[in-house]
Amino acid sequence: QFEDLWLITNELIIRLQEYFEKQGIKDFTCSFSGSVPLEEYFELIDHHFELRINGEKLEELLSERAVQFRAIQRRLLTRFKDKTPAPLQHLDTLLDGTYKQVIALADAVEENQDNLFQSFTRLKSATHLVVLLIGLWQKLSADQIAILEAAFLPLQQDTQELGWEETVNAALSHLLKTCLSKSSKEQALNLSSQLGIPKDTGQLKKHITLLCDRLAKGGRLCLSTDAAAPQTMVMPGGCATIPESDLEGRAIEQDSSELFTNHKHLMVETPVPGKRRGEPHKYVRTVTLWSAFVLSYQKAFCKISCFLTFYPSP
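Per the UniProt record's numbering, the sequence shown starts with residue 1, numbered consecutively.
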């Protein structure tokens with residue numbers, strides 16, 4: 001099968017490289033001149049995605065039948081506990097049929113999980129083969145092949161919560177909008193809040209085809225920011241811009257602080273245990289109160305002096 005060719009192809013390349021290294025030939029390189037077999041690869045993707053959808057439907061049915069089974073059990077227990085027993089009205093038959101459906105659905109879920117595991121293993125092998133062929137086709141470096149492997153093989157295990165399709169689609173979208181973008185308009189990244197299972201594999205297939213086309217037209221895989229133009233990032237939720245009024249207020253405060261050019265008279269407040277930040281020390285409070293008392297006493301003395309001046313004693 002298509003996915004089984006990866007081990008044979010990889011082993012052939014390794015043995016050829018070892019053989020020519022022993023012969024002293026250093027300029028030996030392997031290449032691939034045909035078209036990348038995307039049709040066979042897409043069939044494996046569709047089969048894997050179909051098993052994921054079937055597994056989700058089977059789990060929903062199993063949950064519904066389990067709820068129905070517990071509801072019938074409660075009704076039967078109520079009938080049995082009643083002092084005047086009423087007819088069961090075929091509740092026992094319904095309980096037995098629901099139990100058989102639960103067992104059958106549980107077996108179907110387990111079988112689908114086994115098939116999904118095997119399908120994911122075949123998909124990983126086919127992905128290794130596709131990455132290998134793309135590397136030989138475009139003569140990619142080791143770093144570029146590592147980027148492709150990170151984009152196509154991000155998961156070691158496939159689950160219903162986070163699957164291969166949505167993860168690879170997000171990684172390929174990032175590559176197509178950064179280092180493989182055609183213009184600056186494509187570099188506006190839309191940050192999605194979370195990854196969910198897609199409706200179909202059409203978008204994923206489109207992104208894989210676009211990746212191959214742009215590599216064929218001279219695109220270069222890289223992670224450095226110098227190779228790509230400045231990116232316009234869309235701010236995610238929870239990040240708000242600063243209003244202009246706040247910026248003006250900060251500018252006024254900065255201008256007022258620049259008036260004090262001599263900072264020698266300013267002293268840094270040393271932290272005192274048991275004292276809050278910004279609160280004056282107890283000695284400072286005492287001196288302040290004493291100064292206020294002296295000032296009030298001086299004002300009173302001046303008033304008395306003025307009174308004696310205008311109204312002298314007889």
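Glycine included, C-beta positions come from ideal geometry on N, C-alpha and C.
Cβ atoms of residue j and residue i: under 8 Å apart, would you say?
i             : j                 : result
valine 36     : isoleucine 134    : yes
serine 125    : glutamate 50      : no
alanine 151   : leucine 175       : yes
aspartate 158 : leucine 116       : yes
valine 102    : leucine 77        : no
arginine 140  : histidine 48      : In the sequence as displayed, the identity of residue 140 is leucine instead of arginine. The answer is no: Cβ separation not under 8 Å.
threonine 98  : phenylalanine 120 : no
glutamine 144 : leucine 221       : yes
Apart from the five residues on each side of it in sequence, which residues of its chain come closer than 7 Å, Cβ to Cβ, to residue i?
i             : result
glutamate 111 : none
histidine 128 : Trp6
leucine 58    : Leu105, Ala108, Val109, Asn112
histidine 207 : Asn169, Leu172, Ser173, Leu176
glutamate 149 : Val131
proline 154   : Thr167, Val168, Ala171
tyrosine 311  : Confidence is the limiting factor: at tyrosine 311 the pLDDT is only 46, short of 50, which leaves the residue's position unreliable, though a coordinate-based value still follows. Once the five neighbours on either side are set aside, tyrosine 311 has no close Cβ partner at all.
proline 230   : Residue placement at proline 230 is poorly supported in this model, since its pLDDT is 37, which falls under 50; the coordinates still yield a value, given next. Closer than 7 Å at Cβ, skipping near neighbours: no residue.
For residue i, which residues from the same chain have a beta carbon less than 6 Å from its beta carbon, with the 5 sequence-adjacent residues on both sides left out?
i                : result
tryptophan 137   : Phe32
valine 180       : Here residue 180 is leucine; the residue named in the question, valine, does not match the sequence. Closer than 6 Å at Cβ, skipping near neighbours: Arg214, Gly219.
asparagine 10    : none
leucine 95       : Ile72
tyrosine 41      : Ala126, Val130
lysine 182       : none
phenylalanine 28 : Phe20
Just reading off the alpha helix (DSSP H) that residue i is part of, what are its end residues?
i              : result
glycine 97     : 91-138
aspartate 46   : 38-81
isoleucine 197 : Unbroken run through isoleucine 197: none, as it is neither H nor E.
aspartate 143  : 142-152
threonine 9    : 5-22
lysine 177     : 164-177
Excluding the 5 residues flanking residue i on each side, which residues of the same chain have their C-beta closer than 8 Å to its C-beta?
i             : result
glutamate 60  : none
leucine 204   : Ile45, Glu165, Val168, Asn169, Leu172, Pro198
threonine 209 : Leu38
proline 85    : Arg79
glutamate 56  : Gln160, Ile197
threonine 201 : Phe42, Ile45, Asp46, Phe49, Glu165
alanine 66    : Val102
threonine 93  : none
aspartate 114 : none
For residue i and residue j, which I take to be in contact (beta-carbon distance under 8 Å), what is that distance rounded to the nearest angstrom?
i            : j           : result
arginine 52  : glycine 163 : 6 Å
arginine 74  : leucine 88  : Their Cβ separation, rounded to whole angstroms, is 14 Å, which puts arginine 74 and leucine 88 out of contact at 8 Å.
isoleucine 8 : cysteine 30 : That pair is no contact at about 14 Å.
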